[in-house]
Amino acid sequence: MAIEENIPIISSNLASILELSKGQLLASLETLGQPKYRAEQLWRAIYREGRTSFEDMTNLSKDLRGVLSQNYSIGNAITVLSKQSADASTDKILFKLPDGELIETVLMRYEADGHRRGRKTVCVSTQAGCALGCTFCATGQQGFRRNLTTGEITEQVLTMERLARSEDEKEIEAGTRSRGELQGVTNVVFMGMGEPLANYENMMEAIRILNDPKGIGIGARHITVSTVGLVPGIEKLATEDVQINLAVSLHAPDNETRSETMPVNKRYPIEQLIEACQYFVKKTNRRIFIEYVLLKGQNDTPLHASKLGRVLKDLLCHVNLIPVNPTGEGPYRRTEYREAQRFQSDLKKFNVPSTVRMEKGIDIDAGCGQLRDRALALEN
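Its first residue numbered 4, the sequence shown is counted upward by one per residue in this note's numbering.
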């Protein structure tokens, strides 16, 4: 059965040092009369070594540690609840932010197979709530509260990085992993609460911090940004110098069907969205991931598959087929696995590659579209 743990609340009213870019951190230390290399030491201690206390940074002077402790905290999110799925493949943490907003972050573990190494993927939130109102998504029914700051985004990954590394250390002690295999978090997906491209600047700053080789050092090609289809954001992302992955939540093959479940389609219809995707592929030479939630009887028939195949046949993409997760929202039923496989076969006729995605953490409400219920229960 799933494991749930309530965690004592320890709060801080200090400014979070995670809100500072490397340049801002350097400037802050220079005002204290510190040499430039101190900023690099501090950056490494926070993002590479995972230090959570300035007092543990013994390569810094005692006086500097004291000044930092008086003025900053290393993050301000409070962990109030931790849950692990019954198969131990997924952890979810519920964070409370200084203003009382609640967000969730998920760590998913994937075993190595014959094609790729094992990986640990963090699914991060970029907003408290969401303004876009997709009818099959629990977060979308919550409404928009606010954007998360850069520090609030990176703090989610740092917390999960510490969890992942502690697991690696336990395996090393048990003799089931060598120290050379220590890896921590390997991938980050911006697929949690909120629309990442609606919080563009904070999202991109967080990506640059996570990608910094002197910090956590997560490769750009191991970072994926998901969007419901904000065309200007897709076009802007295509011009960035960080070669990250793009996932587009399509979920329907025609405008009529898509507009019923995704209000954003009335602003950016499928034709505009596919054009933006083609632009992204042309600029980056990278394929796009198309996310397609299967809603039984509503977008999963052979006719829908044929329509989708025609829409995507000329786009360099890979489709992730996702049987809808139960959220308690809307009249939606889950497509059976064999029906999802049939849909996949129909797409293959148009030479559109696809995968029926194996969801993780559904028993702890950690799957796609489920990052709301526990937060509201605690609020109320």
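By construction, the Cβ of each residue, glycine as well, lies at the ideal position given by its N, Cα and C atoms.
Near residue i, what residues of its chain come up, given a Cβ to Cβ distance below 6 angstroms and the 5 sequence neighbours on each side ignored?
i, result
"G197", "S128, T129, Q130 and C133"
"I293", "V251, L253, C320 and V322"
"M4", "Any answer about M4 is weak, because its pLDDT of 47 lies below 50 and its placement is not dependable; what the coordinates show is given next. Same-chain partners within the cutoff: A89."
"N248", "T227"
"F353", "G312 and K316"
"Y295", "L253, H254, V322 and L324"
"S72", "F57"
"L63", "none"
"C126", "V109, V192, M194 and G195"
"L298", "V327 and Y335"
"G222", "none"
So residue i is in the alpha helix (DSSP H); what residue range does that whole segment cover?
i, result
"V284", "I273 to T287"
"G121", "Here G121 belongs to no alpha helix (DSSP H), and DSSP marks it neither H nor E."
"E294", "Note, E294: premise wrong, no alpha helix (DSSP H); beta strand (DSSP E) at I291 to L297."
"G69", "K65 to N74"
"E33", "K25 to T34"
"L306", "P305 to L315"
"K45", "One detail in the question is off: residue 45 reads as Leu in this sequence, not Lys. Element bounds for L45: K39 to Y50."
"L240", "V234 to L240"
By how many angstroms is the C-alpha of residue j removed from the C-alpha of residue i?
i, j, result
"G312", "T34", "59 angstroms"
"I10", "H307", "In this predicted model, I10 has a pLDDT of only 44, less than 50, meaning its place in the structure is not dependable; the value taken from the coordinates is given anyway. Going from the Cα of I10 to the Cα of H307 covers about 46 angstroms."
"T82", "G154", "15 angstroms"
"G236", "L200", "6 angstroms"
"R41", "Y75", "16 angstroms"
"G103", "S169", "28 angstroms"
"V234", "R336", "30 angstroms"
"G121", "V359", "19 angstroms"
"L350", "I175", "44 angstroms"
"K173", "I219", "20 angstroms"
"G178", "M60", "29 angstroms"
"G187", "V327", "30 angstroms"
"I143", "G300", "In the sequence as presented, Ile is not what sits at residue 143; that position holds Gly. Answer to the nearest angstrom: the Cα atoms are 22 angstroms apart."
"Q246", "Y271", "24 angstroms"
"R289", "Q344", "26 angstroms"
"F193", "R54", "24 angstroms"
"K316", "A279", "15 angstroms"
"K310", "R51", "47 angstroms"
"L21", "R112", "26 angstroms"
"E158", "K286", "31 angstroms"
"L100", "S357", "38 angstroms"
"S19", "E342", "48 angstroms"
"L318", "Q37", "52 angstroms"
"V284", "L240", "11 angstroms"
"E114", "S92", "9 angstroms"
"A46", "P216", "Checking the sequence, you will find Trp at residue 46 rather than Ala. If you take the alpha carbons of W46 and P216, they lie about 11 angstroms apart."
"E339", "I291", "26 angstroms"
"M163", "G26", "25 angstroms"
"E43", "Q275", "44 angstroms"
"Q145", "P334", "17 angstroms"
"L32", "R68", "12 angstroms"
"F139", "F147", "16 angstroms"
"S85", "A141", "19 angstroms"
"E107", "L161", "14 angstroms"
Tell me which residues share the same chain as residue i and place their Cβ nearer than 7 angstroms to its Cβ, disregarding the 5 neighbours each side in the sequence.
i, result
"N16", "none"
"V231", "L135, C137, E198, S252, M265 and V267"
"S262", "N268 and K269"
"A48", "R54 and M60"
"K39", "L29"
"Q347", "L324, S357 and V359"
"R238", "Rather than Arg, the amino acid found at residue 238 in this sequence is Glu. Contacts found: A279 and Y282."
"V355", "G312, L315, K316 and V322"
What first and last residue would you give for the beta strand (DSSP E) that runs through residue i?
i, result
"N258", "Run containing N258: none in the beta strand (DSSP E); it sits in the alpha helix (DSSP H), N258 to T264."
"T157", "Here T157 belongs to no beta strand (DSSP E); instead the alpha helix (DSSP H) covers T153 to A177."
"P326", "C320 to P326"
"E107", "L105 to Y113"
"R149", "F147 to N150"
"G132", "Q130 to G132"
"D102", "Counting along the chain, D102 falls outside any beta strand (DSSP E), and DSSP gives it neither H nor E."
"S85", "I81 to Q87"
"L135", "Where L135 is concerned, there is no enclosing beta strand (DSSP E), given that its DSSP letter is neither H nor E."
"S252", "N248 to S252"
Rounded C-beta distance between residue i and residue j? I'm assuming under 8 angstroms.
i, j, result
"I226", "I210", "6 angstroms"
"I384", "D257", "Nothing in the structure corresponds to residue 384, since the chain is present only between 4 and 383."
"L105", "L97", "6 angstroms"
"A80", "K123", "The pair is not a contact, with the Cβ atoms about 20 angstroms apart (cut-off 8 angstroms)."
"N205", "I156", "6 angstroms"
"N202", "L151", "7 angstroms"
"N302", "T260", "6 angstroms"
Please check if any C-beta of chain C sits within less than 9 angstroms of the C-beta of residue i.
i, result
"A48", "Within the model displayed, chain C is absent; a lone protein chain is all it includes."
Could you name the residues of the same chain whose beta carbon sits closer than 8 angstroms to that of residue i, not counting the 5 residues immediately before and after it, in chain order?
i, result
"R165", "G53 and T55"
Open item on the list: In chain order, what are the residue ranges of uninterrupted beta strand (DSSP E) at least 3 long that sit wholly in the region 336-365?
Closed with: 357-359
Task: Completely contained alpha helix (DSSP H) runs for the region 180-229, where each covers 4 or more residues - done: 203-214
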